[in-house]
Amino acid sequence: MSGVVEVGLGRRTRRGLAVWAWAVFAFLYVPIVVLVVFSFNASSRVNIWGGFSFQWYGEALRNDVITSAIRVSLIVALVSTVVSMVLGTAAALALDRYRFRGRRALDGTVYLPIVIPDITMAVMLLVFFAEAFKFIDSFGPRFTLGISTVALSHIAFNISFVCVVVRARLDQFDRTLEEAARDLYATGWQTFRRVTLPLIMPGVAAGGLLALTLSLDDVVISAFVSGPGSTTLPVYVFSSIRRGVTPELNAISTLMLTASIALVLGSLALQRRRASASQQTQIL
Amino acid sequence: MTEAVAAVEIEGVTKRFGEVVAVDNVDLAIGDGEFFALLGPSGCGKTTTLRMIAGLDLPTEGSLRIFGEEVGMAPPDRRPVNTVFQAYALFPHMTVRQNIEFGLRMRRVKNPELSQRVAEATGMVRLAGMEERRPDQLSGGQQQRVALARALVNQPKVLLLDEPLGALDLKLRQEMQQELKALQREVGITFVFVTHDQEEALAMSERIGVMSEGRLLQVGTPREIYDRPASRFVADFIGRTNILEASVESASTVRLDNGALIEAETSTPAGSRVAVSLRPERVRLQPHGTTAAEGSSLDGEVRDITYLGHAVVYEVAAGPVSIEVRVEGEVGEPFAAGDEVTVAWDRGAAAVVAD
Numbered sequence: 000m001s002g003v004v005e006v007g008l009g010r011r012t013r014r015g016l017a018v019w020a021w022a023v024f025a026f027l028y029v030p031i032v033v034l035v036v037f038s039f040n041a042s043s044r045v046n047i048w049g050g051f052s053f054q055w056y057g058e059a060l061r062n063d064v065i066t067s068a069i070r071v072s073l074i075v076a077l078v079s080t081v082v083s084m085v086l087g088t089a090a091a092l093a094l095d096r097y098r099f100r101g102r103r104a105l106d107g108t109v110y111l112p113i114v115i116p117d118i119t120m121a122v123m124l125l126v127f128f129a130e131a132f133k134f135i136d137s138f139g140p141r142f143t144l145g146i147s148t149v150a151l152s153h154i155a156f157n158i159s160f161v162c163v164v165v166r167a168r169l170d171q172f173d174r175t176l177e178e179a180a181r182d183l184y185a186t187g188w189q190t191f192r193r194v195t196l197p198l199i200m201p202g203v204a205a206g207g208l209l210a211l212t213l214s215l216d217d218v219v220i221s222a223f224v225s226g227p228g229s230t231t232l233p234v235y236v237f238s239s240i241r242r243g244v245t246p247e248l249n250a251i252s253t254l255m256l257t258a259s260i261a262l263v264l265g266s267l268a269l270q271r272r273r274a275s276a277s278q279q280t281q282i283l
Numbered sequence: 000m001t002e003a004v005a006a007v008e009i010e011g012v013t014k015r016f017g018e019v020v021a022v023d024n025v026d027l028a029i030g031d032g033e034f035f036a037l038l039g040p041s042g043c044g045k046t047t048t049l050r051m052i053a054g055l056d057l058p059t060e061g062s063l064r065i066f067g068e069e070v071g072m073a074p075p076d077r078r079p080v081n082t083v084f085q086a087y088a089l090f091p092h093m094t095v096r097q098n099i100e101f102g103l104r105m106r107r108v109k110n111p112e113l114s115q116r117v118a119e120a121t122g123m124v125r126l127a128g129m130e131e132r133r134p135d136q137l138s139g140g141q142q143q144r145v146a147l148a149r150a151l152v153n154q155p156k157v158l159l160l161d162e163p164l165g166a167l168d169l170k171l172r173q174e175m176q177q178e179l180k181a182l183q184r185e186v187g188i189t190f191v192f193v194t195h196d197q198e199e200a201l202a203m204s205e206r207i208g209v210m211s212e213g214r215l216l217q218v219g220t221p222r223e224i225y226d227r228p229a230s231r232f233v234a235d236f237i238g239r240t241n242i243l244e245a246s247v248e249s250a251s252t253v254r255l256d257n258g259a260l261i262e263a264e265t266s267t268p269a270g271s272r273v274a275v276s277l278r279p280e281r282v283r284l285q286p287h288g289t290t291a292a293e294g295s296s297l298d299g300e301v302r303d304i305t306y307l308g309h310a311v312v313y314e315v316a317a318g319p320v321s322i323e324v325r326v327e328g329e330v331g332e333p334f335a336a337g338d339e340v341t342v343a344w345d346r347g348a349a350a351v352v353a354d
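For the protein sequence lines, the chains are A and B, in the order given.
The first sequence begins at 0 in numbering that gives the first Met the number 0 and counts up by one.
The second sequence begins at 0 in numbering that gives the first Met the number 0 and counts up by one.
Okay, here's the thing in structure tokens:
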């Protein structure tokens with residue numbers, strides 16, 4: 000850069016900005032580092048370092064309430080992800096390709112769960128379930144809040160996220176590829192199976208990972224619609240924090256953090272592949 | 000062609016998209032083994048016509064037969080035709096081989112035959128050794144060949160090509176023109192291709208159908224289309240031409256609007272308004288006052304001279320009309336701007352076109 004006249008900020012200003020940037024960074028990440036460090040604390044006092052240990056991870060995994068919560072969380076996350084991947088992709092395809100009555104209204108409202116506050120969604124779902132149970136109960140069977148209502152609620156918001164991600168992918172999709180497949184004797188289903196789906200798959204998978212993360216993270220909605228025995232891990236953490244922070248909670252939180260980071264990185268990797276794939280289609 | 004069954008026979012076909020008439024009552028027969036071009040400006044309905052033959056669009060009215068069999072409403076997978084798409088539409092997630100195999104696999108062709116036919120097609124378009132590459136690893140010309148192989152491997156009775164050379168640069172385009180012609184002779188099937196490039200249509204096809212605003216204006220050999228355009232639009236669209244307003248005097252003479260009487264064959268009744276198309280390269284410049292032994296001439300004054308390297312274009316004002324004269328292969332410029340000249344042409348160079 001020698002010989003180039005530096006225009007703009009002076010040296011001091013630049014140094015000041017660098018310090019500021021580090022301060023913001025610290026503000027965001029120091030609490031996380033503290034959490035992770037203290038999850039390996041051998042002492043039972045949360046704020047006093049007593050040496051390195053995996054003790055609290057062991058305790059947490061031996062606690063039946065916690066393992067049950069983890070199991071519920073995983074079941075809900077997997078079921079809601081798979082179902083919302085299928086339904087969200089179908090919705091994205093329908094909105095992208097077909098002109099039908101109510102399409103505009105649906106197009107506007109499918110994103111609603113993304114923007115409305117969790118607490119509103121939670122109350123809404125609870126009221127809905129109460130009314131639905133009243134109706135179903137009048138035919139005989141009895142339903143109560145439980146793991147299935149948690150899963151249904153997660154499906155309800157996850158569909159929107161999958162739908163958004165898949166539609167972004169469909170926007171760049173070249174429909175002449177489908178015509179080419181039809182011209183080469185593929186039926187409608189074969190065209191979807193062999194051409195459309197493989198090409199939008201990165202979008203579907205990225206949407207699925209997003210759904211998985213959101214489901215594992217959710218507290219508010221799950222707390223409202225879960226019943227006895229269907230407590231998810233975040234709900235358990237939230238309720239036990241009222242009895243004070245324990246090293247056990249640090250350990251669980253670190254586990255959840257690790258899982259979330261892994262999922263986000265996976266999602267980013269897929270999106271990147273998606274981006275380079277779309278560059279390829281542009282070259283074509 | 001009247002005796003044998005036509006490869007493609009279109010009868011009274013109309014295609015409407017809502018209120019818009021894309022193709023308007025078109026009748027056309029394309030012979031077996033013919034290299035046929037559908038030519039016209041963008042939006043003239045040529046691509047829609049091609050898509051209807053492929054089955055990607057269905058006609059609103061009319062009948063469409065391929066080798067005598069009515070296919071107007073049949074889906075694309077029930078027609079013995081394949082298409083080379085404008086931007087090739089190669090499947091980006093498949094290798095060259097998988098792209099070429101696609102049609103055969105859809106029709107459940109099994110392996111000894113499958114790999115043999117793929118190898119044949121790959122060899123025919125000189126792509127051997129590239130089977131495992133992906134489309135984005137190929138040049139434009141190679142992608143074009145994959146698209147050709149992917150269509151031809153199915154042994155269609157008619158191959159449809161939508162602006163097949165449009166995405167290639169000029170030099171490659173001229174090469175591919177020759178290759179496509181050779182390929183067509185080799186496989187011996189009917190090629191129907193759509194283009195907006197009149198030079199490409201003239202150079203490649205045996206017959207051309209000129210379309211404008213959904214109508215098929217004229218069908219003929221390149222020579223017929225160029226020398227005897229049926230309408231003002233065709234004359235103007237194919238190559239460059241001088242259009243002179245005139246009225247018919249007799250079966251062999253017309254009077255131009257500037258008063259000059261010229262020789263031109265016409266079947267239009269005397270008194271009707273017509274236009275005369277005069278190709279710039281079929282007329283010549285002579286010193287003022289010299290008349291030709293045969294043919295016709297007009298007196299005028301050189302207004303402007305454009306040097307093109309291989310040709311010189313003179314713009315001559317003859318009364319109210321302006322005539323472009325293109326002189327090739329002449330050393331120097333015998334005339335300068337402002338010179339009085341005579342524009343002359345042989346009998347038969349002027350074509351009378353209906354309005």
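Where is the CB? At the ideal position from N, CA and C, for every residue including glycine.
Only a predicted model underlies this, so the values are computations on that prediction, with no experimental measurement involved.
Residues of chain B with a CB under 7 Å from the CB of residue i: which are they?
i        : result
Thr186/A : Asp76
Ala179/A : Phe84 and Ala88
Pro197/A : His92
Express the C-alpha separation of residue j and residue i in angstroms, rounding to a whole number.
i        : j        : result
Gly219/B : Ser211/B : 15 Å
Glu205/B : Asn241/B : 26 Å
Val122/A : Ala93/A  : 29 Å
Gly9/A   : Thr66/A  : 56 Å
Arg44/A  : Thr245/A : 8 Å
Glu10/B  : Asp235/B : 27 Å
Glu178/A : Thr46/B  : 14 Å
Asp256/B : Ala353/B : 15 Å
Ala293/A : Gly39/B  : Because residue 293/A is not part of the residues shown, which for chain A are 0 to 283, the question remains open.
Val315/B : Trp344/B : 14 Å
Val32/A  : Arg241/A : 22 Å
Thr48/B  : Arg116/B : 30 Å
Ser277/A : Ile199/A : In this prediction, Ser277/A scores a pLDDT of 49, lower than 50, which makes its location untrustworthy; the coordinate-derived value is nonetheless stated afterwards. If I take the Cα positions, the gap works out to 10 Å.
Val109/A : Ala204/A : 19 Å
Candidates the options: which alpha carbon is nearest residue i's?
i        : options                                   : result
Gln85/B  : Ser252/A, Asp173/A and Val33/A            : Asp173/A
Tyr184/A : Arg281/B, Leu137/B, Thr82/B and Glu244/B  : Thr82/B
Tyr56/A  : Leu176/A, Ser214/A and Thr253/A           : Thr253/A
Met123/B : Ala316/B, Leu216/B, Lys170/B and Gln143/B : Gln143/B
Leu277/B : Ala245/B, Gly258/B and Pro268/B           : Ala245/B
Ala250/A : Gly15/A, Arg168/A, Phe51/A and Thr12/A    : Phe51/A
Ala348/B : Asp338/B, Val282/B and Thr341/B           : Val282/B
Ile224/B : Ala202/B, Gly213/B and Asp345/B           : Ala202/B
His195/B : Cys43/B, Phe35/B and Glu8/B               : Cys43/B
Leu171/B : Leu160/B, Gly187/B, Gly140/B and Ala146/B : Gly140/B
Pro74/B  : Ala335/B, Val95/B and Arg50/B             : Arg50/B
I'd like to know whether the C-beta atoms of residue i and residue j end up nearer to each other than 8 Å.
i        : j        : result
Val311/B : Ile304/B : yes
Phe138/A : Leu209/A : no
Gly61/B  : Val12/B  : yes
Pro163/B : Asp135/B : no
Ile74/A  : Ile146/A : yes
Val320/B : Leu284/B : no
Thr231/A : Ser239/A : no
Phe232/B : Leu216/B : yes
Leu144/A : Ser214/A : no
Arg96/B  : Glu131/B : yes
Ala150/B : Leu137/B : no
List, in chain order, every chain A residue whose beta-carbon is nearer than 7 Å to that of residue i.
i        : result
Leu167/B : None at all; the shortest Cβ gap to chain A is about 14 Å.
Anything in chain A within Cβ reach of residue i, meaning under 8 Å, just list it in chain order.
i        : result
Arg106/B : Tyr184
Leu160/B : Residues of chain A passing the Cβ test: none, with the nearest at roughly 12 Å.
Phe101/B : Ala180, Leu183, Ala185 and Arg193
Leu63/B  : Correct list: empty, because the minimum Cβ distance to chain A is about 16 Å.
Leu55/B  : Glu178, Arg181 and Asp182
Asn81/B  : Asp182 and Leu183
Kindly list, in the order they appear in chain B, the residues whose Cβ is closer than 9 Å to that of residue i.
i        : result
Asp173/A : Ala86, Ala88 and Pro91
Going by DSSP, which residues form a beta bridge with residue i?
i        : result
Glu433/B : It is not possible to answer for residue 433/B, since the shown part of chain B is limited to 0 through 354.
Lys14/B  : Val22/B
Phe172/A : Looking at the DSSP assignment, Phe172/A forms no beta bridge with any residue, so it has no partner.
Tyr313/B : Ile304/B and Val324/B
Gly331/B : Bridge partners of Gly331/B: none, in fact.
Mind pulling the chain B residues with CB within less than 8 Å of residue i?
i       : result
Gln54/A : Residues of chain B passing the Cβ test: none, with the nearest at roughly 49 Å.
For residue i, verify whether its CB is less than 7 Å away from any heavy atom of the ligand MG.
i        : result
Gln154/B : Absence of the ligand MG is noted for the structure shown, with no ligands found whatsoever.
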